[in-house]
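Structure record follows, encoded as structure tokens.
Residue numbers (our numbering): 152 to 487.
Okay, structure coming up:
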């Protein structure tokens with residue numbers, strides 16, 4: 152266990168180094184390091200809970216059972232969070248933020264989404280959460296290992312000093328807790344701009360969508376809502392879901408009224424102007440001071456609006472590419 156905690160100090164210190172550079176690529180690496188520490192800590196906590204359950208007569212008093220532990224030791228991250236919350240290691244609020252941060256890590260690593268405008272602030276936020284997690288973490292036991300077997304890096308030595316972990320469990324816990332507390336204290340000196348960064352990024356996303364819709368409105372006499380609905384219907388017109396729905400309602404997909412029919416009958420078509428709701432949410436968010444609530448609202452907006460924002464951007468790109476091709480064709484004809 153002492154080796155496990157020493158390794159987490161080393162990895163978090165490396166992450167702190169990356170964050171201090173203030174470069175998006177270093178922030179991305181730091182985010183991966185922090186996420187790995189959190190996942191390892193949650194898994195270790197699950198193993199500790201398994202041992203505690205063996206020696207407990209009343210599992211209800213612990214807040215978890217064998218089934219919950221088995222799932223937490225499995226491959227799904229949310230099961231690890233569920234156990235950490237039910238066992239009292241972290242609050243529901245922390246659990247929710249950790250889940251959302253882990254999803255950010257996955258979208259960045261697996262899907263290539265960059266999140267550059269908020270990545271630095273999010274890395275700091277995740278770092279401090281990781282420190283709190285490890286400060287709250289109480290190992291079930293500190294099995295003694297000889298000093299020759301314990302590998303303590305220079306990064307770890309910066310925090311535990313010359314202290315050599317021993318059989319004194321209380322002293323061991325104090326040393327490691329103070330190390331994570333010190334790390335969090337250092338991270339606090341880097342500033343705390345997460346709320347303003349999230350609000351600014353959300354504002355940019357909304358403004359960009361407004362600009363796109365206004366551009367699309369220049370080629371139609373429709374208002375903003377109907378312009379959005381029209382481009383949604385055009386995008387979805389040949390999807391399998393829409394074609395199946397049309398077939399069930401005896402609608403000819405080649406008819407003139409097909410697009411209008413989609414606008415009124417397909418569930419993905421907006422019924423109200425979504426931008427008005429986004430602006431209202433943003434206005435309310437500017438009054439919120441709880442960083443966890445701001446982060447949740449931001450994530451909900453990014454997730455729920457993603458498809459529509461990307462659809463409208465694709466429509467704009469398509470029109471701009473068409474006009475570019477037309478200009479190129481005209482230029483070629485002139486040269487001929």
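No residue lacks a Cβ here, since even glycine has one placed at the ideal position from N, Cα and C.
Cα separation between residue 344 and residue 180? By 1-based counting over the chain shown, the position of residue 344 is 193. By 1-based counting over the chain shown, the position of residue 180 is 29. Distance between the alpha carbons of residue 344 and residue 180: 20 Å.
Where residue 303 sits in the DSSP three-state scheme: Position 152 of the chain shown holds residue 303. Coil, per DSSP.
Tell me the rounded alpha-carbon separation between residue 301 and residue 223. Translated into the one-based positions of the chain shown, residue 301 becomes position 150. Translated into the one-based positions of the chain shown, residue 223 becomes position 72. The straight-line gap from Cα to Cα measures roughly 28 Å.
Let me check understanding here. Comparing Cα to Cα, which of 257, 290, 281, 163 lies closest to residue 200? Here residue 200 corresponds to residue number 49 of the chain shown, with the count starting at 1. Ranking 257, 290, 281, 163 by Cα distance to residue 200 puts 290 first.
Just tell me which of 213, 384, 379, 415 has its CA closest to the CA of residue 234. Residue 234 sits at position 83 when you count from the first residue of the chain shown. Of the candidates 213, 384, 379, 415, the one whose C-alpha sits nearest the C-alpha of residue 234 is 213.
Applying the 10 Å Cβ sphere with the 16-neighbour rule, what's the burial state of residue 473? Here residue 473 corresponds to residue number 322 of the chain shown, with the count starting at 1. Exposed: under 16 other Cβ atoms inside 10 Å.
Relative to the alpha-carbon of residue 309, which residue among 196, 331, 416 has its alpha-carbon at the smallest distance? Residue mapping note: residue 309 aligns to position 158 of the chain shown, counting from 1. For residue 309, the nearest C-alpha among the options comes from 331.
If you draw a straight line from the alpha carbon of residue 459 to that of residue 422, how long is it in whole angstroms? Against the chain shown, residue 459 aligns to sequence position 308. Against the chain shown, residue 422 aligns to sequence position 271. If I take the Cα positions, the gap works out to 13 Å.
Check this for me: beta carbons of residue 429 and residue 452, under 8 Å apart or not? As a working note, residue 429 is residue 278 in the chain shown. As a working note, residue 452 is residue 301 in the chain shown. Going by C-beta atoms, residue 429 is nearer than 8 Å to residue 452.
Could you check how far apart the C-beta atoms of residue 367 and residue 466 are, in whole angstroms? I think they sit under 8 Å. One-based indexing of the chain shown puts residue 367 at position 216. One-based indexing of the chain shown puts residue 466 at position 315. Going by Cβ atoms, the distance from residue 367 to residue 466 rounds to 6 Å, so yes, they are a contact pair.
For residue 386, does the count of other Cβ atoms within 10 angstroms reach 16, so buried, or fall short, so exposed? In the chain shown, counting from the first residue as 1, residue 386 sits at position 235. The residue is buried, with at least 16 neighbouring Cβ atoms inside 10 Å.
Around the C-beta of residue 256, are 16 or more other C-beta atoms found within 10 angstroms, so that it is buried, or is it exposed? Mapped onto the chain shown, residue 256 falls at position 105. Buried is the call here.
State yes or no: is the C-beta of residue 396 within less than 8 Å of the C-beta of residue 417? Sequence index remark: in the chain shown, residue 396 carries index 245 (1-based). Sequence index remark: in the chain shown, residue 417 carries index 266 (1-based). A contact, by the Cβ cut-off of 8 Å.
Residue 289 - DSSP class collapsed to helix/strand/coil: Taking the first residue of the chain shown as 1, we reach residue 289 at position 138. Coil.
Pick out whichever of 250, 379, 159 has its Cα sitting closest to the Cα of residue 362. Translated into the one-based positions of the chain shown, residue 362 becomes position 211. If we check each option's Cα against that of residue 362, 379 comes out closest.
Between residue 162 and the rest of its own chain, which residues show a CB-CB distance below 6 Å, the 5 nearest in sequence each way excluded? By one-based count along the chain shown, residue 162 stands at place 11. Excluding sequence neighbours, residue 162 sits near 184, 188.
With DSSP as the reference, label residue 451 as helix, strand or coil. Mapped onto the chain shown, residue 451 falls at position 300. Helix, per DSSP.
By how many angstroms is the C-alpha of residue 178 removed from the C-alpha of residue 274? Here residue 274 refers to the residue found at position 123 when the chain shown is read from its first residue. Here residue 178 refers to the residue found at position 27 when the chain shown is read from its first residue. About 6 Å.
Sort 191, 153, 194, 269 by Cα distance to residue 355 and report the nearest one. Counting from one through the chain shown, the residue named residue 355 turns up at place 204. Nearest C-alpha to residue 355: 269.
Quick one: what does DSSP say residue 217 is sitting in, helix, strand or coil? Here residue 217 corresponds to residue number 66 of the chain shown, with the count starting at 1. Correct three-state label for residue 217: helix.
With 16 other CB atoms within 10 Å as the buried threshold, where does residue 475 fall? Against the chain shown, residue 475 aligns to sequence position 324. By the neighbour-count rule (16 or more Cβ atoms within 10 Å), residue 475 is not buried but exposed.
Determine the direct distance from the alpha carbon of residue 220 to that of residue 441, and round the result to whole angstroms. Position 290 of the chain shown, counted from the start, is the residue given in the question as residue 441. Position 69 of the chain shown, counted from the start, is the residue given in the question as residue 220. Approximately 31 Å, taken between the alpha carbons.
For the alpha helix (DSSP H) that residue 355 lies in, which residues bound it at each end? Against the chain shown, residue 355 aligns to sequence position 204. Counting along the chain, the alpha helix (DSSP H) containing residue 355 begins and ends at 345-368.
Buried or exposed (CB count within 10 angstroms, at least 16 for buried), residue 164: For this step, residue 164 is matched to residue 13 along the chain shown. By the neighbour-count rule (16 or more Cβ atoms within 10 Å), residue 164 is buried.
Residue 329 to residue 286 span [Cα, whole Å]: Locating residue 329 in the chain shown gives position 178, where the first residue counts as 1. Locating residue 286 in the chain shown gives position 135, where the first residue counts as 1. Straight-line Cα distance between these residues: approximately 8 Å.
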